[in-house]
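Some notes on the structure that comes next.
Number of protein chains: 2
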Amino acid sequence: MLTFVLYAVSTFAEPIPAGSPLWPHPLSYTAGTTRTSLDPNLLSLTVTAVEPARGLLNSALERFRRQAFIHEGSEMKASPVHSLEVSVSENSELQLHVDESYVLHVPVSGVATLSATTVFGAYHGLHTLSQLISFNFTSGCYELEGAPWHIEDRPLYPHRELLVDSSRHFEPVVVLTHLIDSMAMAKINVLHWHIIDSQSFPAPSRIHPEFSEKGAFSAGERYTWQELQEVVEYGRARGVRVVPEFDVPAHTDSWAKSHPELFPMSCKAALDPANDMVYEVIGELLQDWSEVFTDDVVHLGTDELIESCWNNTLDVTFMAAHGIESFGDLFGYFVEKVVGIANNIGKRATVWDESIIRSNRTPANAVVQIWHGDPGLLQKAITAGHDAVYTPDGPWYLDGLGVTWEDMYKIDPAANLKEAPGRVLGGGGEMWGETVDPSDLELTVWPRLAAIAERLWSPVSVTSQGPDAARDRLEAFRCFLLQRGVGSGPVGGRGRDAPPGPGSCLQLDLLV
Amino acid sequence: MLTFVLYAVSTFAEPIPAGSPLWPHPLSYTAGTTRTSLDPNLLSLTVTAVEPARGLLNSALERFRRQAFIHEGSEMKASPVHSLEVSVSENSELQLHVDESYVLHVPVSGVATLSATTVFGAYHGLHTLSQLISFNFTSGCYELEGAPWHIEDRPLYPHRELLVDSSRHFEPVVVLTHLIDSMAMAKINVLHWHIIDSQSFPAPSRIHPEFSEKGAFSAGERYTWQELQEVVEYGRARGVRVVPEFDVPAHTDSWAKSHPELFPMSCKAALDPANDMVYEVIGELLQDWSEVFTDDVVHLGTDELIESCWNNTLDVTFMAAHGIESFGDLFGYFVEKVVGIANNIGKRATVWDESIIRSNRTPANAVVQIWHGDPGLLQKAITAGHDAVYTPDGPWYLDGLGVTWEDMYKIDPAANLKEAPGRVLGGGGEMWGETVDPSDLELTVWPRLAAIAERLWSPVSVTSQGPDAARDRLEAFRCFLLQRGVGSGPVGGRGRDAPPGPGSCLQLDLLV
Numbered sequence: 015m016l017t018f019v020l021y022a023v024s025t026f027a028e029p030i031p032a033g034s035p036l037w038p039h040p041l042s043y044t045a046g047t048t049r050t051s052l053d054p055n056l057l058s059l060t061v062t063a064v065e066p067a068r069g070l071l072n073s074a075l076e077r078f079r080r081q082a083f084i085h086e087g088s089e090m091k092a093s094p095v096h097s098l099e100v101s102v103s104e105n106s107e108l109q110l111h112v113d114e115s116y117v118l119h120v121p122v123s124g125v126a127t128l129s130a131t132t133v134f135g136a137y138h139g140l141h142t143l144s145q146l147i148s149f150n151f152t153s154g155c156y157e158l159e160g161a162p163w164h165i166e167d168r169p170l171y172p173h174r175e176l177l178v179d180s181s182r183h184f185e186p187v188v189v190l191t192h193l194i195d196s197m198a199m200a201k202i203n204v205l206h207w208h209i210i211d212s213q214s215f216p217a218p219s220r221i222h223p224e225f226s227e228k229g230a231f232s233a234g235e236r237y238t239w240q241e242l243q244e245v246v247e248y249g250r251a252r253g254v255r256v257v258p259e260f261d262v263p264a265h266t267d268s269w270a271k272s273h274p275e276l277f278p279m280s281c282k283a284a285l286d287p288a289n290d291m292v293y294e295v296i297g298e299l300l301q302d303w304s305e306v307f308t309d310d311v312v313h314l315g316t317d318e319l320i321e322s323c324w325n326n327t328l329d330v331t332f333m334a335a336h337g338i339e340s341f342g343d344l345f346g347y348f349v350e351k352v353v354g355i356a357n358n359i360g361k362r363a364t365v366w367d368e369s370i371i372r373s374n375r376t377p378a379n380a381v382v383q384i385w386h387g388d389p390g391l392l393q394k395a396i397t398a399g400h401d402a403v404y405t406p407d408g409p410w411y412l413d414g415l416g417v418t419w420e421d422m423y424k425i426d427p428a429a430n431l432k433e434a435p436g437r438v439l440g441g442g443g444e445m446w447g448e449t450v451d452p453s454d455l456e457l458t459v460w461p462r463l464a465a466i467a468e469r470l471w472s473p474v475s476v477t478s479q480g481p482d483a484a485r486d487r488l489e490a491f492r493c494f495l496l497q498r499g500v501g502s503g504p505v506g507g508r509g510r511d512a513p514p515g516p517g518s519c520l521q522l523d524l525l526v
Numbered sequence: 015m016l017t018f019v020l021y022a023v024s025t026f027a028e029p030i031p032a033g034s035p036l037w038p039h040p041l042s043y044t045a046g047t048t049r050t051s052l053d054p055n056l057l058s059l060t061v062t063a064v065e066p067a068r069g070l071l072n073s074a075l076e077r078f079r080r081q082a083f084i085h086e087g088s089e090m091k092a093s094p095v096h097s098l099e100v101s102v103s104e105n106s107e108l109q110l111h112v113d114e115s116y117v118l119h120v121p122v123s124g125v126a127t128l129s130a131t132t133v134f135g136a137y138h139g140l141h142t143l144s145q146l147i148s149f150n151f152t153s154g155c156y157e158l159e160g161a162p163w164h165i166e167d168r169p170l171y172p173h174r175e176l177l178v179d180s181s182r183h184f185e186p187v188v189v190l191t192h193l194i195d196s197m198a199m200a201k202i203n204v205l206h207w208h209i210i211d212s213q214s215f216p217a218p219s220r221i222h223p224e225f226s227e228k229g230a231f232s233a234g235e236r237y238t239w240q241e242l243q244e245v246v247e248y249g250r251a252r253g254v255r256v257v258p259e260f261d262v263p264a265h266t267d268s269w270a271k272s273h274p275e276l277f278p279m280s281c282k283a284a285l286d287p288a289n290d291m292v293y294e295v296i297g298e299l300l301q302d303w304s305e306v307f308t309d310d311v312v313h314l315g316t317d318e319l320i321e322s323c324w325n326n327t328l329d330v331t332f333m334a335a336h337g338i339e340s341f342g343d344l345f346g347y348f349v350e351k352v353v354g355i356a357n358n359i360g361k362r363a364t365v366w367d368e369s370i371i372r373s374n375r376t377p378a379n380a381v382v383q384i385w386h387g388d389p390g391l392l393q394k395a396i397t398a399g400h401d402a403v404y405t406p407d408g409p410w411y412l413d414g415l416g417v418t419w420e421d422m423y424k425i426d427p428a429a430n431l432k433e434a435p436g437r438v439l440g441g442g443g444e445m446w447g448e449t450v451d452p453s454d455l456e457l458t459v460w461p462r463l464a465a466i467a468e469r470l471w472s473p474v475s476v477t478s479q480g481p482d483a484a485r486d487r488l489e490a491f492r493c494f495l496l497q498r499g500v501g502s503g504p505v506g507g508r509g510r511d512a513p514p515g516p517g518s519c520l521q522l523d524l525l526v
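Going down the list, the sequences are from chains A and B. With our numbering, the residue at position 230 of the first sequence is 244, and numbering never jumps. With our numbering, the residue at position 258 of the second sequence is 272, and numbering never jumps.
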């Protein structure tokens, strides 16, 4: 048996069989040289766990069957690997820092085992196993190359997000759930749901239904309360946290359709920081939404405020009365207030990096999400005591179609950090929705998000080898996605490119 | 009640409520002015039919529930329309010319009725009904505007196809079935499955497994036999005939990977007409495939032969021995032979229009599919006694991205016919796959295929009003598709265009 443990051996990548698109690359593994097989009809699936983990795992195993054994046509065959035993030791909530590790062992014959601390680690292990399995059309068997496999795996960063924007274009629930399925395949574990913005307000509120009634694009481009629950539960069942973003004080034009009184008289581009009703309404909305968005974290935006919106008599008077000397300070006052509102209902807030660029009043318990390109910003956030999420405009903005997967793969969030790199929670791909709707969402997201996913999951010893070493695996992973109905664009070229000509999903380079 | 019967009244289009994307437009209808509602949990669904129609309808009603009632969140409400009774009078096979008519009546309150001769008509009626239903997010009710509705509907043409090409790029079954769902929503009733071509041979044969073993793009880009059955059955259950195309004698390079002996020594661009083995193998393949592709029609291609491929000693000798004086005659000999092979196993053949352009030996029972732009070709085929399918290169080729939906909508297959227009079976959209794979298939097909679908279904009195009169309904239909996870591109612009900027699926014109 060949043994390759990443932290000890540098030539680890070779033995992953070409047909096995292990993506993202696991932390460490050993592989053998035997081709074995397993029969979906004969495979015994057993679970060792207490409820509710037991029930969750049984559902996950049903999904695993559908994802791993995609071809009808297998007949009953001898199945050297005859059982899969899954064990989970703890019942844990899906929250930031939940244990996502797993150990997967697939022998040449006998019992395969998957053990994890939490169901969320087990979900990852099942995705890994499904990537190892391939169908042999000639024999009609499902095969597994390179047995025995022993994989010990866990993520480099705990927060690996995809931002989806349902305000610039409405994204129906059926589209979001399909996307969550694809995210889970790449071990992306956070749906950062940028649910409302200036253009439309599709999010329902039970306390303030008028926001979506008047702020949605149309009568049909809205979510029901139950649909919010459905998305959250769908994500939870697949290990994907749903972190909603309610962007304030700017990016709120759609709020003005029902509540113009929350804005300065002469400007509808930002909520009025001098108006107590603003904080009251934000509090009511967050309280209401906190019952459906169960994640500990809520994103409050704070990006791209046009401060001139606040240059009016009322605000200037308010500043004088509160000893606030600049619009930057007024912004800091606002951020401090809304982060406090979130904290008061038991939520931790995430805010965009303007919160530390233009203010120094942001509470240290807030997570700062870096999007500006300034290379010192991430360090600044960390040094100020914040946890941080790194999603730089340009490299990790999926709406930038000129940014290739190779560009995205080369970004190391911790590259220039000197202090407290452990405070970097992770990062992700940001799918801003100006030109993205259900027709091109997956095509624009994939395969580029996969490059980010590997950066955030796999050890730096793998990803530092750069995109050339990863390309073959990524092409195989793209085939894996396509075979399962996920509309990933080609590997290579710009984002959202069509296939340049006839060819295999595996051989793009050869055919262009 | 307002009464609008198309053949009598010219101002029929107005009363279709803006929110009801009736697409394609029905043959005739009357509508009222009442908004009624129906509760998915209370709606009683009953079927009057004998088996197997009864079972098929019950499955269709389950699909109808999912398609019409897409939002979770409805609570039990009073449901003025409390029942839907579906009746079908005949058990019919899904074949060309099957009766697709239906009569749908939705009262202001009480029992809605859908009656059809066949289940396939009933399927269409259920799609129509689902388009009339909308969700009111404020009341939590499913509503129906313009009751009472009385719709009598049937297609203008019996053959309304989408060609899908799984040779230039592999299209997995999950992609094909999702596409079939979307086709049924627009009452497209034929999947013309261009399953093999020069680039790859993903179709399995039980008699000759070597073709796909060696001719597929890769080990995984193939179909199993059971998957062929799955696609055929999936289509049948939704009223979509699956007509496979096995293109001969050209477009066969992928055959040469396993059977180079079927080609002339010096040319692998066309099967050798002088080689008896060619007809034997074609016969064996067609016989095998006829057991899974149950449609009466099989497409045999015959397009784009490069005759110089046959300019060799063997073929020239063969021509002399058989009194064949030109390569055109040799082509005619080939077409006659393969159409005869299909006939001998009980199939009717469809052939591309080269069969009548370059030969006059094509048996009259063959359907001729017109793709060349020559305006007299369709008449020529009909005058020669053929049934014909009209899918002109340019206007109805979906791979032509510069062709807009408006261009497609303006095409009337029967516009210039003087003789026997009844022999025009229909037409369709041709999604050649050079730059189309699962990532952009639906985006390239929709919404433009919908324009063709209406041309082929709706009365000329509607479609002759042109695209301007249809645009609002098409935008609503696009929203209908998006809400159900079908990735239709925007209405307007080139094929496969991304949304040009933020906006509603309903308001594209306003926002561009």
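Backbone N, C-alpha and C fix where the C-beta goes; we use that ideal spot for every residue, glycine too.
Check                                                                                                                                                                         : Outcome
Just to make sure I have the definition right: I need the residues of chain B whose C-beta is within less than 8 Å of the C-beta of A:Cys519. Which are they?                 : His183, Phe184, Phe231, Ser232, Glu235 and Asp451
So what's A:Trp324 in DSSP terms, helix, strand or just coil?                                                                                                                 : helix
Residues bridged to B:Pro258 by DSSP?                                                                                                                                         : B:Trp207
Is it right to say A:Gly139 is buried, meaning 16 or more other beta carbons lie within 10 angstroms of its own, or is it exposed?                                            : buried
Looking at B:His141: is its Cβ nearer than 8 Å to the Cβ of B:Lys228?                                                                                                         : no
Rounded to whole angstroms, what is the Cα-Cα separation between B:Asn203 and A:Pro218?                                                                                       : 39 Å
Verify the CB distance criterion: does B:Leu457 have a CB-CB separation below 8 Å to chain A?                                                                                 : yes
By how many angstroms is the C-alpha of A:Glu489 removed from the C-alpha of B:Pro452?                                                                                        : 14 Å
Quick one: what's got a C-beta closer than 7 Å to A:Phe149's C-beta in the same chain, skipping five residues either side?                                                    : His85 and Tyr156
Do A:Val311 and A:Lys361 count as a contact pair if the criterion is CB distance below 8 Å?                                                                                   : yes
Near B:Leu525, which residues of its chain fall below 8 Å by C-beta distance, leaving aside the five closest residues on each side in sequence?                               : Residue placement at B:Leu525 cannot be trusted, given a pLDDT of 41 that sits under 50; what the coordinates show is reported in the next sentence. Closer than 8 Å at Cβ, skipping near neighbours: Pro514, Gly515, Pro516, Gly517 and Ser518.
Distance check for A:Trp207 and A:Val257, CA to CA, integer angstroms please.                                                                                                 : 6 Å
When you compare the region 185-200 of chain A with the region 453-472 of chain A, are there three or more beta-carbon pairs, one atom per stretch, that lie closer than 8 Å? : yes
Can you tell me which residues form a DSSP beta bridge with B:Val450?                                                                                                         : Paired residue(s): none; B:Val450 is not in a bridge.
Between which two residues does the beta strand (DSSP E) carrying A:Cys155 extend?                                                                                            : Cys155 to Ala161
Quick one: which residues of the region 503-516 of chain B get their C-beta closer than 8 Å to a C-beta of chain A? List them in chain order.                                 : Gly503, Pro504, Arg510, Ala512, Pro513, Pro514, Gly515 and Pro516
In chain A, which residues lie less than 8 Å from B:Gly499 when you measure between Cβ atoms?                                                                                 : Pro186, Val188, Val189, His192 and Pro452
By the DSSP assignment, the alpha helix (DSSP H) with A:Asp413 in it spans what residues?                                                                                     : It is not in any alpha helix (DSSP H) - A:Asp413 carries neither H nor E in the DSSP assignment.
Does A:Asn150 come out as helix, strand or coil in the three-state DSSP assignment?                                                                                           : strand
Which residue wins for smallest C-alpha separation from A:Cys323, given the options A:Ile396, A:Leu285, A:Tyr116 and A:Leu391?                                                : A:Leu285
According to a CB-to-CB cut-off of less than 8 Å, which residues of the region 484-498 of chain A neighbour chain B?                                                          : Cys493, Leu496, Gln497 and Arg498
Would you say the beta carbon of A:Trp410 comes nearer than 7 Å to a heavy atom of the ligand ZN?                                                                             : Of ligands this structure carries none, so the ligand ZN is not represented either.
Is it true that the CB of B:Ser181 sits closer than 8 Å to the CB of B:Gly2?                                                                                                  : Here chain B comprises residues numbered 15 to 526, so residue 2 of chain B is not present and cannot be evaluated.
Going straight from the alpha carbon of B:Ala464 to that of B:His400, what length do you get?                                                                                 : 27 Å
Under 8 Å, Cβ to Cβ, is there at least one residue of chain B near A:Gln145?                                                                                                  : no
Which word fits A:Ala335, buried or exposed, when buried means at least 16 other C-beta atoms lie within 10 angstroms of its C-beta?                                          : exposed
Is the Cβ of B:Gln4 closer than 8 Å to any Cβ of chain A?                                                                                                                     : Chain B is shown from 15 up to 526; residue 4 of chain B falls before or after that span and cannot be answered.
Is there a Cβ from chain B that is less than 8 Å from the Cβ of A:Tyr21?                                                                                                      : Unreliable placement is indicated for A:Tyr21, whose pLDDT of 36 sits below 50; no coordinate value is reported for it.
Just reading off the beta strand (DSSP E) that B:Tyr171 is part of, what are its end residues?                                                                                : Per DSSP, B:Tyr171 belongs to no beta strand (DSSP E) and is neither H nor E.
Please classify A:His111: is it buried, with 16 or more other beta-carbons within 10 angstroms of its beta-carbon, or exposed?                                                : exposed
Taking C-beta to C-beta, are B:Val353 and B:Asp413 nearer than 8 Å?                                                                                                           : no
At the level of alpha carbons, what is the spacing between B:Leu431 and B:Glu235?                                                                                             : 43 Å
Can you pull the chain B residues whose beta carbon is under 7 Å from the beta carbon of A:Pro258, in chain order?                                                            : Within 7 Å Cβ-Cβ: nothing; A:Pro258 doesn't reach chain B, min ~18 Å.
What is the DSSP secondary structure of A:Tyr248, counted as helix, strand or coil?                                                                                           : helix
Could you work out which residue in A:His386, A:Asn325 and A:Ser212 is closest to A:Trp269 when comparing CA atoms only?                                                      : A:Ser212
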